[in-house]
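Please read the structure below before turning to the comments.
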Amino acid sequence: MPDIQPTTAAPSPTQVPTSPPPGNGGGTGLKGWAASSDGAVVTAAKWSGKYQVDLSVKSPALGATRTVRVLVPPGWKAKSKLTYPTLYALHGGNDTYVSWTRSTDIATVARQWNTIVVMPEGANGSYTDWYNGGRGGTPRWETFHTGEVRELVERNLHAGTTRAIIGISSGAQGAVTYAARHPGMFKYAASYSGVLSMLSPGIPALLMYINMRPGTNPMDIWGDPWSARANWAAHDPATLVKKLRGTKLFVSSGNGSQGPFDKPGKQPWDISYLSESQVLRASGDFVTAAKKAGVPVTTDFYGPGSHNWAYWKVEMHKTWPEVMASIGAKKL
């Protein structure tokens with residue numbers, strides 16, 4: 001789903017790296033940087049201060065080069081053999097890899113912990129390997145995130161194998177879907193305003209409407225929700241909920257009415273209200289499915305609130321201590 005009304009966080013202070021970042025090398029990737037198993041390579045690493053680096057990743061899964069923003073903790077060194085607990089943070093539809101640092105203070109918060117934060121580009125890809133009429137092929141966003149990006153940060157930036165994942169909007173759906181489709185990959189998954197029951201009445205039509213973009217057929221993503229229902233189900237968190245046993249889960253949403261961070265005078269049919277009301281319904285259906293399956297879920301259905309970053313920033317702060325505890329991160 002699209003992100004609505006982003007708020008702007010204060011920029012992180014510029015600092016000089018304690019150790020020089022790897023430089024550009026020859027060939028298709030940076031010299032000294034390991035490739036992923038399928039041949040994805042880092043072609044550039046642009047540091048902003050000593051805690052943030054943007055990686056340009058040439059991806060076979062996407063057939064393109066996309067950017068991944070990574071935050072490293074104080075004391076991180078390129079030549080160290082230490083590894084760090086790692087948090088993956090996914091953005092919403094029609095946004096980019098910069099959204100978390102643009103719209104929250106995640107960089108400031110993360111700097112107080114011995115954790116790496118990975119914020120990959122997701123475009124409007126719905127966090128899935130596209131169906132493309134059953135032919136598959138690019139873009140394969142799930143493969144990019146759970147395979148290529150994961151291996152690149154683990155092999156080159158000391159990201160550890162104890163992981164958590166959080167997301168907002170379609171990134172929230174992606175976070176829980178990835179945790180379900182890759183059991184054991186993530187210790188913790190948090191959904192802030194995510195559509196977690198893709199097959200609830202009316203939700204397929206909503207998702208296809210939201211994913212309509214010039215030049216894009218929304219049925220290319222998961223297929224037709226009727227004739228390709230098995231593929232929808234294979235990516236639906238509510239259907240896959242039993243696979244989430246052993247993963248700590250957090251689900252939150254507003255109810256789509258005017259809340260404390262909404263401008264007075266917005267009409268009830270504003271897209272940020274309408275979309276959040278449907279998110280609440282789908283999230284509630286997921287929680288019901290989880291209870292039936294005996295899968296514990298912590299919820300925060302906080303009432304009035306629309307589909308926007310001001311609420312998600314609050315939810316990030318609420319869950320941060322539990323996220324860090326789940327991956328064994330220590331406060332510095």
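Using UniProt numbering, the letters of the sequence shown correspond one by one to residues 1 to 332. For every residue, glycine included, the Cβ atom is placed at its ideal position computed from N, Cα and C.
Assignment of G174 by DSSP, reduced to helix, strand and coil, places it in the helix class.
N211 sits buried, since 16 or more C-beta atoms from the chains shown fall within 10 Å of its C-beta.
Here DSSP, grouped into helix, strand and coil, assigns R140 to strand. Using a 10 angstroms sphere on the CB of K292, the tally of other CB atoms stays under 16, which defines it as exposed.
P139 counts as buried, since no fewer than 16 other beta carbons sit within 10 angstroms of its beta carbon. Within the same chain, M198 and L199 come within 6 Å of D236 by CB-CB distance, once the 5 residues on both sides are set aside.
The beta carbons of W113 and K313 sit no closer together than 8 Å.
Judged by DSSP in its simplified three-state form, K248 adopts strand.
In terms of Cα proximity to V176, the closest of W226, M324 and T247 is T247.
Taking the C-beta atoms as reference points, A238 is found no nearer than 8 Å to D270. Rounded to whole angstroms, the separation of the alpha carbons of A123 and N94 is 6 Å. Annotated three-state conformation of P237 is coil, per DSSP.
For G134, the three-state secondary structure derived from DSSP is helix.
A distance below 8 Å separates the beta carbons of V42 and G29.
Runs of the alpha helix (DSSP H) lying entirely within the segment 91 to 138 and spanning at least 4 residues, in chain order: 99 to 103 and 106 to 110. Taken in chain order, the unbroken stretches of beta strand (DSSP E) that lie wholly in the segment 169 to 228 and span 3 residues or more are 188 to 192.
Check the Cα spacing between R155 and each of P204, G39 and I168: the tightest is with G39. Looking at the DSSP output, A89 sits in a beta bridge with I166. As summarised for the segment 25 to 68, the continuous beta strand (DSSP E) elements at least 3 residues long and confined to that stretch are 41 to 48 and 52 to 59, given in chain order. Counting along the chain, D285 sits inside the alpha helix (DSSP H) bounded by residues I271 to A293.
Excluding residues up to 5 positions away in sequence, I168, A172, S252, W312 and E315 lie with their Cβ nearer than 6 Å to the Cβ of Y192 in the same chain. Nearest neighbour of R102 by Cα position, chosen from P296, V153 and A310, turns out to be A310. Under the DSSP assignment, T319 falls in the alpha helix (DSSP H) whose first and last residues are W309 to I327. DSSP places A78 in the coil class of the three-state scheme, outside both helix and strand. Between I327 and A164, the beta carbon gap of about 5 Å places them in contact (Cβ cut-off 8 Å).
Annotation: the continuous alpha helix (DSSP H) that includes E154 extends over R150 to N156.
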